[in-house]
Each structure stands twice: as structure tokens, then as C-alpha cells.
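For the sequence shown, my numbering gives the first residue as 888, with consecutive numbering after it. Have a look at the structure below before the remarks.
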Amino acid sequence: MFKTERCVLSAFQESDCEDVSKLFVNEEVRRYLGGIRDADSLKETLESMLTPQSAAYYWVARRESTNEFIGLISLDLHHDGIDYEVSYQFLPDWWGKGYAAETVTVIIDFALNSLKLPAVLAETQSENFASCRLLEKLGMGLERKVFRYEAEQSIYAIRCLKSDGAQGLLPTSSE
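Right, dumping it as C-alpha cells:
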């Protein structure tokens, strides 16, 4: 479990399925994430999150003061099969209020400093300007663009300067 100034991040468990399902059926949330999920796809997704086959982490974000569900953050292997990717989804009521920056920062720190990963990636549709701005605000640099899921995707990264994975972070850049 992680705590931030306003949130608690806890490991995803079966009792969170109803709350997390709200993300996968919300058209606004899923606009840049492949659309809403049907019942079968949603059930399969939740089951795979409860019993991940690889070293994947899923955290439910809740407001500390009210225990209200606000979103989901994950850390798992990126499509490249080499680096880990941080992903996030928040309910629209919480957009633009700093919750994503507050919580995703904690997960990036965990990945780089506790897990000692050499890098953390994040992939978002290039048209998702709010997500691109968030990643840049978090110190991630645009590494490359790819065409996947019928849209241009921007891949951001933050890499460690030191070989031990501790301290000193270097955002990558396409420059």
C-alpha cells in the first residue's frame, strides 16, 4: 500500500472489481483506450488482473479522506517485452485535479527506486493531449511514436542515470 497527500493506493483485489469496472465501461475514460469493454472482455480483464501471469502490479486509487474510488494504476511489461510500463485510468470527476500526477509519481518512484528498474515507459495516444502533458510534467520524455491500435501512440520514458537504479533520473528525449 502507498499513501500520498490525498490518496491511498492499495493492491487490486476481488472486492475492487465493481469499482474498477466503472472505468472499463465509461466512454470518456475509454476514448483513447480502445473503447468500452463488453461483459465478456471485462470479466476476462478483471480475472487476469486478479491472477497476473507475469510480474504485473495493479493498484486501486482512493481518496484518503472518503475512501472514494478514483482510479486504477498498473505497472507491467510493455509491448516491447523489455521495459515496464506505467498505465493509469481515472474517473472523469477526478480529471484535472492533480490526482493522476500525485499517484503515478509514487508508482514511478517505486519502480525505479524499490524495484530498481532501469526505466519506466508510458504509452498513450498522441491525440490524448492531457495524458501527454501529464507524462511530461512527471519528467518523462518522448522517446518515439508508433502506429498501434489504429492510432499514433506516443511512448514516453524515464530512465535511471545510475546503474544501481537509485536516485538520479534522466528523462529520455527524441531530440
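Note that CB positions come from ideal geometry on N, CA and C, so glycine has one too.
According to the DSSP assignment, K1024 belongs to the alpha helix (DSSP H) that extends over F1016 to K1024. Less than 8 angstroms divides the Cβ of A1006 from the Cβ of D970. Fewer than three pairs of CB atoms, one per stretch, sit closer than 8 angstroms, so the region 984 to 998 makes no contact with the region 926 to 934. Remark: C-beta atoms of Q976 and V916 approach each other more closely than 8 angstroms.
Just measuring C-alpha positions, the residue of S897, D927 and T990 sitting nearest S908 is D927.
Residue range Y986 to D996 is occupied by the alpha helix (DSSP H) that includes I995. In the structure shown, E914 adopts coil according to DSSP, grouped into three states. Closest by C-alpha distance to T891, out of E989, I960 and F956, is E989. Within the same chain, and ignoring the five residues on either side of E955 in sequence, the residues whose Cβ sits closer than 7 angstroms to its Cβ are R949. In the structure shown, W981 adopts helical secondary structure according to DSSP, grouped into three states. For L937, the uninterrupted alpha helix (DSSP H) segment begins and ends at A926 to L937. Looking only at M1027, K1003 and N1000, the smallest Cα-Cα distance to E1010 is reached by M1027. Annotated as proximal: I960 and L896, with beta-carbon spacing under 8 angstroms. Between Y919 and the set A1017, W946, K1032 and C1047, the nearest pair of CA atoms involves A1017.
Distance between S902 and D980, taken at the CA atoms: about 22 angstroms. With 16 or more other Cβ atoms from the protein chains shown falling within 10 Å of its own Cβ, E1030 counts as buried. Within the DSSP secondary-structure output, V1033 pairs in a beta bridge with Q1040.
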